[in-house]
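For reference, the structure is listed below as structure tokens.
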Amino acid sequence: IEGKKSHGAGHKLCSDAYVAAMEPLLGEGAPGLPLCAPDAGPDEVEAAFWETLLMLRGLIGVDEGMAGTLAGAVAASGERLASRGRTPR
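Adding 1003 to a residue's 1-based position in the sequence shown gives its number in the working numbering.
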């Protein structure tokens, strides 16, 4: 791993700020959002993270507009990266 291991982006999983950040997508209180205890071990945190990914995947899969927007953003990102002509070190 080069550079910093963590960029510090986002909110800590299962924190109040994380739940608040998910509310625009899930509604007030982010119902259905998998959570873990503040003192959760790595296995519990990983399980909550995985369940969250599966939930988001399901939401994207049933919303063609969201899926199209996200696919377009990924494609545009790939085009920007390719235009830089970078090569592996």
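Virtual Cβ for every residue (Gly too), placed ideally from N, Cα, C.
Computed from a predicted structure; not experimentally measured.
Range of the contiguous alpha helix (DSSP H) that encloses residue i
i: residue 1089; result: That residue, residue 1089, is in no alpha helix (DSSP H); it is neither H nor E in DSSP.
i: residue 1064; result: 1045-1064
i: residue 1029; result: 1019-1029
Supposed close pair residue i, residue j - CB separation, criterion 8 Å
i: residue 1054; j: residue 1027; result: Contact flag wrong, Cβ pair sits at about 20 Å.
i: residue 1035; j: residue 1058; result: 7 Å
i: residue 1063; j: residue 1056; result: The Cβ separation is near 10 Å, so there is no contact.
Same chain only: Cβ atoms within 8 Å of residue i, ignoring 5 sequence neighbours per side
i: residue 1048; result: 1016, 1017, 1039
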